[in-house]
Amino acid sequence: MDNSNIKADDAKFLQKNGTFQLLLKEVRENQTKVFANSAADEIERREEAHAILRAVNQMEAHLDAVVTAETLLQYRKS
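According to my numbering, the sequence shown is numbered sequentially starting from 40.
Structure representation (structure tokens):
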């Protein structure tokens with residue numbers, strides 16, 4: 040695992056937390072709308088939306104990685 044300070048239990052909590060998941064969904068939907076509704080000359084606006092979407096994806100991937108790493112450690116110990 041990379042040098043994450045996030046504990047697997049905390050990552051699992053966030054993955055199962057309905058409010059957190061709703062927040063991620065709303066952010067993703069809002070930024071997707073920016074793409075769909077931006078004018079051709081609004082390059083900066085689309086770039087920012089893209090960066091936000093990538094950040095949301097990275098947060099979810101990082102939570103997955105923390106949980107997976109913990110699962111592998113437990114599997115190796117047994």
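In this text, a Cβ means the ideal position worked out from N, Cα and C, and glycines have one as well.
Bear in mind the structure is a predicted one, so any value in this text is a computation, not a measurement.
Less than 8 Å between the CB atoms is what I'm expecting for V66 and V95, so what's the real figure, rounded? On the sequence shown, position 27 is the one that residue 66 refers to. On the sequence shown, position 56 is the one that residue 95 refers to. The pair is a contact, with the Cβ atoms about 6 Å apart (cut-off 8 Å).
Flag this pair as touching only if the region 99–113 and the region 70–89 have three or more C-beta atom pairs under 8 Å; answer yes or no. no
How far does the alpha helix (DSSP H) with D103 in it reach, from first residue to last? Start at 1 with the first residue of the sequence shown, and residue 103 comes out as number 64. Residues 82–116.
With DSSP as the reference, label A79 as helix, strand or coil. Working through the sequence shown from its first residue, we reach residue 79 at position 40. Correct three-state label for A79: coil.
Alpha carbon of E109 to alpha carbon of L63, nearest angstrom: In the sequence shown, counting from the first residue as 1, residue 109 sits at position 70. In the sequence shown, counting from the first residue as 1, residue 63 sits at position 24. Between E109 and L63, the C-alpha separation is close to 23 Å.
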